[in-house]
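In this note's numbering, the protein residues as written are 1 to 114.
Below: one structure, written as structure tokens.
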Ligand SMILES: [Zn+2]
């Protein structure tokens, strides 16, 4: 397992948390947990490395949903739709994970690019 991939995954998810002012202590701790769990997972299944970044983002999304709510919210739709979230595409977590609007299905940004 290449640790660079994990550092990259962590950095990209952290950047997107910061972009939405959600890089709180509990969120960062959820991120650390997700990275260490996915590290273990990728060590068992090295071919899974390309999915790690997107999976870490989904893990953090799930953890935040249970505590602070939906992250990241879609800002592109504005008043055209009720408040909704972005999700990771491809659903498997990779390769090349992007954030997609739940309502329109449009690609909003690459993971790490919010
Ligand atoms: Zn939207």
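C-beta atoms are modelled at their ideal positions from N, C-alpha and C, and glycine is treated no differently.
| So the alpha helix (DSSP H) residue 111 belongs to, where does it begin and stop? | Walking along the chain shown from the start, residue 111 turns up at place 111. Careful: residue 111 lies outside any alpha helix (DSSP H) and carries neither H nor E.
| For residue 30, which beta-bridge partners are listed by DSSP? | For the purposes of this step, residue 30 is taken as the residue at position 30 of the chain shown. Residue 30 pairs with nothing; no bridge assigned.
| By DSSP, does residue 73 sit in helix, in strand, or in coil? | Along the chain shown, read from residue 1 onward, the residue named residue 73 stands at position 73. Three-state result, residue 73: strand.
| Would you call the CB atoms of residue 124 and residue 71 closer than 8 Å? | As shown, the chain starts at 1 and ends at 114. That puts residue 124 outside it, with no answer to give.
| task | May I ask whether a heavy atom of ligand 1 can be found less than 7 Å away from the beta carbon of residue 103? | result | As a first step, residue 103 is located in the chain shown; it is residue number 103 there, counting from the start. Yes, Cβ of residue 103 sits closer than 7 Å to a heavy atom of ligand 1.
| query | Looking only at DSSP bridge pairs, what is residue 87 linked to? | reply | Mapped onto the chain shown, residue 87 falls at position 87. Residue pairing by DSSP places residue 87 opposite 100 in a beta bridge.
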